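Structure record follows, encoded as structure tokens.
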Amino acid sequence: MRDSLQSPQFEAAVRDYLLLLNRGYPEKRSRDLVADRYQLDKYQRSVLFRGVFSTKTNTARGRKRIDLPLDNSLPVSIDFLNLLLLLMNYLYGRHVYISTDGFARDDGENFTSFDNAHIFHGALGLLRESLPGMGFNGIRWFIDSKPTSKLPPWIVDSHLLQREITVENSEFIYREKIDRELIKVREGLIATADSVILDKTGQNTVDIGGYILRRRIQEGLLDISVVARRFS
Numbered sequence: 019m020r021d022s023l024q025s026p027q028f029e030a031a032v033r034d035y036l037l038l039l040n041r042g043y044p045e046k047r048s049r050d051l052v053a054d055r056y057q058l059d060k061y062q063r064s065v066l067f068r069g070v071f072s073t074k075t076n077t078a079r080g081r082k083r084i085d086l087p088l089d090n091s092l093p094v095s096i097d098f099l100n101l102l103l104l105l106m107n108y109l110y111g112r113h114v115y116i117s118t119d120g121f122a123r124d125d126g127e128n129f130t131s132f133d134n135a136h137i138f139h140g141a142l143g144l145l146r147e148s149l150p151g152m153g154f155n156g157i158r159w160f161i162d163s164k165p166t167s168k169l170p171p172w173i174v175d176s177h178l179l180q181r182e183i184t185v186e187n188s189e190f191i192y193r194e195k196i197d198r199e200l201i202k203v204r205e206g207l208i209a210t211a212d213s214v215i216l217d218k219t220g221q222n223t224v225d226i227g228g229y230i231l232r233r234r235i236q237e238g239l240l241d242i243s244v245v246a247r248r249f250s
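To convert, count from 1 in the sequence shown and add 18; that's this note's numbering.
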């Protein structure tokens, strides 16, 4: 699949899709047109749809994004499932990449299995090991109280999570509409790769998942922005 993302076919699809976005054409119509024209497979479509944004959007999100580790300590509010599923998809051996806006994403929507407890605990372990070195002086975990039905209920179990990922100054917040709650946050940083939250938050943002993946995968992490920069 990685080879298909480095093919001339996919590169041409990125070029055309970015051109249409930058000219203001509707996203869905542009996506369908480009994907059908180049006969993209489901993995290529996923990365195109979730990984390529207009130059205007990339610039706006980039202005808010703060690099890790922090130079000055700040509190952070974390979109827990957004981050957890990225790391789980990585550990499952699925495809993770850096989008044109600089945030790490995955093609997890092509899969329905997230019930491997070993993978789950491995992802929590990555968080537990990595967070202390990022420079946060307080962490608020925003957790969906009613996650999608494809996720096992224990994935948001409060007792399990408090045991596994509690670091100094941690708080666990359960809500039904996590995106709305994070958009309302008015202090510290926001950690998510959710496009709606990134665009609507008034706070600066961090990419915890991308920081972890870059340190683990290093030179092997696919970066779609490298392709997009040739045409933007």
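Glycine included, C-beta positions come from ideal geometry on N, C-alpha and C. Note that this is a predicted model, so its numbers are computed, not measured.
What residues match up with residue i in a beta bridge as DSSP calls it?
i	result
S243	According to DSSP, which records beta bridges pairwise, S243 is partnered with nothing at all.
F294	Because residue 294 is not part of the residues shown, which for the chain are 19 to 250, the question remains open.
Y43	Answer is none; Y43 lacks a bridge partner.
T223	R83, I208
H123	Before going on, a small fix: residue 123 reads as Arg here, not His. Answer by DSSP bridge pairing, in chain order: Y115.
I need the DSSP call for residue i, collapsed to helix, strand or coil.
i	result
N187	coil
L88	coil
F249	coil
A30	helix
V65	helix
A211	coil
F154	strand
R198	helix
V203	coil
L142	helix
Q24	coil
S48	helix
V70	coil
K168	coil
S148	helix
T77	helix
Rounded to whole angstroms, what is the Cα-Cα separation between residue i and residue j?
i	j	result
Q221	G206	7 angstroms
E182	L102	13 angstroms
T184	F132	22 angstroms
Y61	D175	31 angstroms
F121	L145	17 angstroms
N107	I215	21 angstroms
Q264	A141	Look at the range of the chain in this structure, 19 to 250, and you will see that residue 264 is not part of it.
L23	P44	24 angstroms
G227	A53	27 angstroms
R47	T130	26 angstroms
R41	L51	15 angstroms
D59	G111	18 angstroms
S167	Y56	33 angstroms
I196	D162	6 angstroms
K218	R204	12 angstroms
How about residue i: is its C-beta nearer than 8 angstroms to some C-beta of chain C?
i	result
R181	No chain C appears in this structure, which consists of one protein chain only.
Rounded to the nearest angstrom, how far is the Cβ of residue i from that of residue j, given a contact under 8 angstroms?
i	j	result
I201	F160	The Cβ separation is near 11 angstroms, so there is no contact.
D124	L99	Incorrect: roughly 12 angstroms between the Cβ atoms, too far for contact.
L239	R232	6 angstroms
Would you check if the stretch 98-118 and the stretch 234-245 touch, i.e. whether three or more CB-CB distances between them fall below 8 angstroms? Here the stretch 234-245 makes contact with the stretch 98-118; the two share three or more CB pairs at distances below 8 angstroms.
With a threshold of 8 angstroms, are at least 3 pairs of Cβ atoms found where one atom belongs to the stretch 68-82 and the other to the stretch 184-195? no
Counting pairs of Cβ atoms below 8 angstroms between the stretch 57-75 and the stretch 135-148, do you hit three or more? Verdict: no, contact absent.
Given 8 angstroms, three or more beta-carbon pairs between the stretch 29-36 and the stretch 210-219: Contact fails: fewer than three Cβ-Cβ distances are below 8 angstroms.
Answer yes if the stretch 151-164 comes into contact with the stretch 85-97, meaning at least three C-beta pairs across the two stretches below 8 angstroms, and no otherwise. yes
Below 8 angstroms, can you find three or more Cβ-Cβ pairs linking the stretch 89-99 to the stretch 154-172? yes
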